[in-house]
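The structure under discussion appears below in the form of C-alpha cells.
Here's what the structure looks like:
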C-alpha cells in the first residue's frame, strides 16, 4: 500500500512539473537603448546603462528574441510559445545588416526572423508594441530591407498568436515584380536597397488575433498567406503595397482557409501601386500595375477556399485590381460571406465579388469608378481598367445557395458598364433551389 501511494504521489508531482513548465511564460523587452544578450537579460524594461554584463535591462533589437533564419544556418530564439515580446517605440531595421545577423549578401532575402512559436488557447504568444493598451498612438516601426522575404514570419504554422500595435513597412518607393518598370524594386544583384517583399507571411496558422497593425509600402504584399483558420483582425491598415494588400494565394491557386476569418474596422487601399518614401503617401503616379503586366493587385484576394468571412465597418478602395475578391470561396458548401457597413470604391476591377453558398451583403456603399486608377495613376499597357466588367457587385450563385442583398447603395459611374452582375460564373448550373433576396437597395448607373 505505501509503495502504491508513493508511486501515485510521484506521478502527480511529475505531471504538475510538466504542466507548470508548459504554461510558464516570460516577457521579453526590446527598446532602442537596450543592449545585447551578453549585456542584458532582456527581462526588464530598462535601458542598458553602458557597462556590465547580464544586467536587468532590455535588448536592443527583436532579432535577439525571435532568432534568425538565414541561408546555411541562423540564430537561435530566446523566447518560446506563450511568451510575450514587448517592443518599445522607435524604428528597427529587419533584415540584412540588422543586429544579431551575419547573413550572406548572396541570400539577403533569407535574413528574417524565425517563425513565431505557437502558444496555446489560454496563453497565446504575443508581440505587443508600446502603447498597445493606450490607443497605440506611437507604435514601433519594423522596416524590412535588402529584399527580405517578410518582416513578420508565421510560416511554420504559428498558431495561438496575438500581435498588436505595430507599424510594418520598408524604406523605399518601389514595387516588386511584374513587367512594369516604373518604380520597380532593384532585383538583379546585391545591394538591393531598403525594401522588403511582404509584411506578414503565414501558412497553416490558426487562432491569430491582430489589432492596430499598420502594414504599408511593402514591395510585394501586405499579408501573404494560405491555409489560415480562425483569424481575427481589428483596426488594421494594409495600404500602398506594391502588389496585393492581402494576397491569400501563398500556395499557388489555393487559399484553403477554414473557420472564421474576421475583419473589423480595416482600411485596405491603394494596393498595386508604389507608396512614396519618406512621405508615406500613395500612389506614386505611373506606378500602378495590372494583370497584363504580370501583377496580382487585389485589395483582398482569395483563391479556392472554404471558411466563414465577416467584414464589418471597413474600407477597401482604389486598389489596382479587385477590391474584395471572395468569388472562389466555393470549396465548402457550408461557407458564409457577410459584408456589412463597408465602403468599396474606385477599384479597377470589381469592388466586391462573392462566392459561398450563404452570403449577406448589407448596409454597404459600393461605387465602381473602375476607370479611375487607369486614367490617373497608370501608364500605357495597364489593362485592369474595369477588369472583369468593373461592377460594384459581382456574385457567384452556387447551386442551392441563399444570397441576401439588403440596404446597400450600389453605383456604377462608368458609361457602358453594368451596376452589378448576378449569377456570375455559377458552377455547377443552378437547379432552381437557389434563393436570392434583394431588398431596399439603391441601384444607380450602368446600362
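Numbering (my numbering), first residue to last: 1226 to 1672.
Glycine is no exception: its CB is placed at the ideal position from the N, C-alpha and C atoms.
Item, Value
"Quick one: grab the DSSP three-state call for residue 1224.", "Given a span of 1226 to 1672 for the chain in the structure shown, any question on residue 1224 remains unanswerable."
"Which residue marks the beginning of the alpha helix (DSSP H) containing residue 1288, and which one marks its end?", "1288-1291"
"Taking buried to mean at least 16 other C-beta atoms within 10 Å of its own C-beta, is residue 1312 buried or exposed?", "buried"
"DSSP three-state call for residue 1550: helix, strand or coil?", "strand"
"Where do the N-terminal and C-terminal ends of the beta strand (DSSP E) with residue 1392 fall, by residue?", "1386-1395"
"Bridge partners for residue 1311 per DSSP, in chain order?", "1254, 1353"
"Using the Cβ count rule (16 or more neighbours within 10 Å means buried), how would you classify residue 1667?", "exposed"
"Contact defined as beta carbons within less than 8 Å: I believe residue 1466 pairs with residue 1393. What is the distance between those atoms, to the nearest angstrom?", "Not quite, the Cβ-Cβ distance comes to about 10 Å (not below 8 Å), so this is no contact."
"Count Cβ pairs between the region 1596-1609 and the region 1555-1565 that sit closer than 8 Å; are there 3 or more?", "no"
"By the DSSP assignment, the beta strand (DSSP E) with residue 1434 in it spans what residues?", "1431-1441"
"Any chance you could list the alpha helix (DSSP H) runs of at least 4 consecutive residues sitting entirely within the region 1571-1620, in chain order?", "1597-1601"
"With DSSP run on the structure shown, which of helix, strand or coil describes residue 1518?", "helix"
"Roughly how many whole angstroms lie between the Cα atoms of residue 1412 and residue 1372?", "8 Å"
"With distance defined between alpha-carbon atoms, name the residue in 1491, 1625, 1585, 1266 nearest to residue 1632.", "1585"
"Decide if the region 1394-1411 is in contact with the region 1344-1364; the criterion is three or more beta carbon pairs, one per stretch, under 8 Å apart.", "no"
"Within its chain, find whatever has a CB closer than 6 Å to the CB of residue 1636; leave out the 5 residues flanking it on each side and keep chain order.", "1592, 1669, 1670"
"Do residue 1596 and residue 1639 have their beta-carbon atoms positioned less than 8 Å apart in this structure?", "yes"
"Got a sec, what are the start and stop residues for the beta strand (DSSP E) residue 1318 sits in?", "1316-1319"
"For the beta strand (DSSP E) holding residue 1627, just list the boundary residues, first then last.", "1627-1631"
"Alpha carbon to alpha carbon, what distance is there between residue 1249 and residue 1242?", "Per-residue confidence for residue 1242 stands at a pLDDT of 46, beneath the threshold of 50, marking its modelled position as unreliable; the derived number appears in the next sentence. Between residue 1242 and residue 1249, the C-alpha separation is close to 10 Å."
"Using the rule of at least 16 other Cβ atoms within 10 Å of the residue's Cβ for burial, across every protein chain shown, is residue 1452 buried or exposed?", "buried"
"Do residue 1619 and residue 1588 have their beta-carbon atoms positioned less than 8 Å apart in this structure?", "no"
"Can you list, in chain order, the residues of its chain with a C-beta nearer than 6 Å to that of residue 1540? Leave out the 5 residues immediately preceding and following it.", "1492, 1568"
"Around the Cβ of residue 1331, are there at least 16 other Cβ atoms within 10 angstroms (buried) or fewer (exposed)?", "exposed"
"Could you spell out the range, first to last residue, of the beta strand (DSSP E) harbouring residue 1376?", "1373-1379"
"Where do the N-terminal and C-terminal ends of the beta strand (DSSP E) with residue 1669 fall, by residue?", "1667-1670"
"Once DSSP output is grouped into helix, strand and coil, what is the label at residue 1460?", "coil"
"Using a Cβ-Cβ cut-off of 7 Å (strictly less than) and excluding sequence neighbours within five positions of residue 1483, which residues of its own chain qualify?", "1454, 1531, 1532"
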